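Input: a single structure, listed below in structure tokens.
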Amino acid sequence: EAGVVQSPRYKIIEKKQPVAFWCNPISGHNTLYWYLQNLGQGPELLIRYENEEAVDDSQLPKDRFSAERLKGVDSTLKIQPAELGDSAVYLCASSEGTSGGHGTDTQYFGPGTRLTVL
Amino acid sequence: AQSVTQLDSQVPVFEEAPVELRCNYSSSVSVYLFWYVQYPNQGLQLLLKYLSGSTLVESINGFEAEFNKSQTSFHLRKPSVHISDTAEYFCAVSEIQGAQKLVFGQGTRLTINP
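First to last, the sequence lines map onto chains V and E.
Note that the working numbering numbers the first sequence so that position 9 is 9, with each residue one more than the last.
Note that the working numbering numbers the second sequence so that position 78 is 1078, with each residue one more than the last.
This is the structure we're talking about:
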């Protein structure tokens, strides 16, 4: 069974440029998560989708970040424009979504996209 | 809101020695507890989790963790480590009655020396 796929694995851009990350979750997983991981820190949730609905985007900086999961499968996270402080690893995870929102689902993580903003 | 503190950012040990990675959490509600491992150049993988029942949980590769409610801790232990255990380990919590939101600690880098 294929795991969570993310692309690109690495991205280097100049500040003020736009950037997009793509995630394909494990087949059949209804819940999709985007996390931000700064160097030396644990991941922090940016947004969580249940199918195509964003049910928790409270930590997403909406002035420059956006995300979509139009058909409830793969997802795109965009930053426009990027700032120096956005340099980090962006992780995507998915889970079956069978626990009714009570947090028992195992989350499966992709390898991440390492973004460097110059 | 919950928070997780991993007390050691780096832990170097010799091969075949025992190891303990410490994790303390803070929460006003009951939580589930998790340990994730990140091997070099790989994504995070679930190592073990405590949901209910026995407070001692084990992984398939010899790690174990014990939930201590009075001390709000979930320390990870292994009696004898191998070179292949070199990785970064993350402790995480999620609310039992809340949404599926994992709150992670800062991570502990475990380095095994031969």
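C-beta atoms are modelled at their ideal positions from N, C-alpha and C, and glycine is treated no differently.
This structure is a prediction, so every number in the text was calculated from the model and none was measured.
> Apart from the five residues on each side of it in sequence, which residues of its chain come closer than 6 angstroms, Cβ to Cβ, to SER1088 (chain E)?
Replying inline: Sequence check: residue 1088 (chain E) is Glu here, not Ser. If we look at GLU1088 (chain E) and ignore the five residues flanking it on each side, its Cβ neighbours are GLN1038, GLY1107 and ARG1109.
> According to DSSP, is SER1084 (chain E) helix, strand or coil?
Replying inline: DSSP places SER1084 (chain E) in helix when its eight states are reduced to three.
> By Cβ distance below 6 angstroms, which residues in the same chain neighbour TYR49 (chain V) in space, the five residues on each side in sequence not counted?
Replying inline: Cβ within range, chain order: LEU32 and ARG69.
> Between TYR1050 (chain E) and PHE1074 (chain E), which are expected to be in contact by the criterion C-beta below 8 angstroms, what is the C-beta distance as a whole number of angstroms?
Replying inline: In this structure TYR1050 (chain E) touches PHE1074 (chain E) by the C-beta definition: roughly 7 angstroms separates them, less than 8 angstroms.
> Is the shortest distance between the beta-carbon of LEU1044 (chain E) and the beta-carbons of chain V less than 9 angstroms?
Replying inline: It does: the Cβ of LEU1044 (chain E) has a partner Cβ on chain V nearer than 9 angstroms.
> Going by DSSP, what residues sit across from ALA20 (chain V) in a beta bridge?
Replying inline: Beta-bridge pairing by DSSP links ALA20 (chain V) to V:LYS78.
> Applying a beta-carbon distance threshold of less than 8 angstroms, which residues of chain E neighbour ARG69 (chain V)?
Replying inline: By Cβ distance, chain E contributes nothing, its closest Cβ being about 15 angstroms from ARG69 (chain V), past 8 angstroms.
>> Judging by CA-CA distance, which residue of V:LEU77, V:SER95 and V:GLU14 is the nearest neighbour of LEU36 (chain V)?
In response: Minimum Cα distance to LEU36 (chain V) is reached at V:LEU77.
> Of all the CB atoms in chain E, is at least one closer than 9 angstroms to the CB of THR104 (chain V)?
Replying inline: True, the Cβ-Cβ gap to chain E drops below 9 angstroms.
> Just the Cα atoms here: how many angstroms apart are ASN1068 (chain E) and GLU96 (chain V)?
Replying inline: As the crow flies, the alpha-carbon of ASN1068 (chain E) is around 29 angstroms from that of GLU96 (chain V).
> Apart from the five residues just before and just after GLN1097 (chain E), which ones in its own chain have a Cβ nearer than 8 angstroms to its Cβ?
Replying inline: Residues VAL1029 and SER1030 of the same chain have their beta carbon placed closer than 8 angstroms to that of GLN1097 (chain E), with the five preceding and five following residues left out of the count.
> By a C-beta neighbour count over all protein chains shown, 10 Å radius and 16 as the cutoff for buried, is ILE1060 (chain E) buried or exposed?
Replying inline: Burial state of ILE1060 (chain E) is exposed, judged by a 10 Å Cβ sphere holding fewer than 16 other Cβ atoms.
>> Give me the chain V residues within the contact set of GLN1106 (chain E), using Cβ-Cβ distance strictly less than 9 angstroms, ordered along the chain.
In response: GLY40, GLN41 and GLY42, listed in chain order.
> Terminal residues of the continuous beta strand (DSSP E) containing VAL1011 (chain E)?
Replying inline: For VAL1011 (chain E), the uninterrupted beta strand (DSSP E) segment begins and ends at 1010-1014.
> What number of angstroms, rounded off, separates the C-alpha of GLN80 (chain V) from the C-alpha of PRO1018 (chain E)?
Replying inline: Rounded to whole angstroms, the gap between the alpha carbons of GLN80 (chain V) and PRO1018 (chain E) is 47 angstroms.
> For LEU84 (chain V), which of helix, strand or coil comes out of DSSP?
Replying inline: In the three-state DSSP reduction, LEU84 (chain V) falls in the helix class (H, G or I).
>> Can you check whether the C-beta of LEU1051 (chain E) is within less than 9 angstroms of a C-beta belonging to chain V?
In response: With 9 angstroms as the cut-off, LEU1051 (chain E) counts as an interface residue toward chain V.
>> For LEU1102 (chain E), would you say it is in contact with chain V, using Cβ-to-Cβ distances shorter than 9 angstroms as the test?
In response: Closer than 9 angstroms to some Cβ of chain V, the Cβ of LEU1102 (chain E) qualifies, so yes.
> Under 9 angstroms between C-beta atoms, does PHE109 (chain V) make it to chain E?
Replying inline: Yes, PHE109 (chain V) counts as interfacial toward chain E.
> Hey, how far is the Cα of ILE1083 (chain E) from the Cα of PHE1014 (chain E)?
Replying inline: C-alpha separation (whole angstroms): 9 angstroms.
>> DSSP three-state label for LEU36 (chain V), please.
In response: Here LEU36 (chain V) carries a strand assignment [DSSP, helix/strand/coil].
>> Our contact map puts THR1111 (chain E) next to GLN1010 (chain E) with C-beta atoms below 8 angstroms; I'd like the distance itself, whole angstroms only.
In response: With 8 angstroms as the limit, THR1111 (chain E) and GLN1010 (chain E) qualify as a contact, their Cβ atoms being about 7 angstroms apart.
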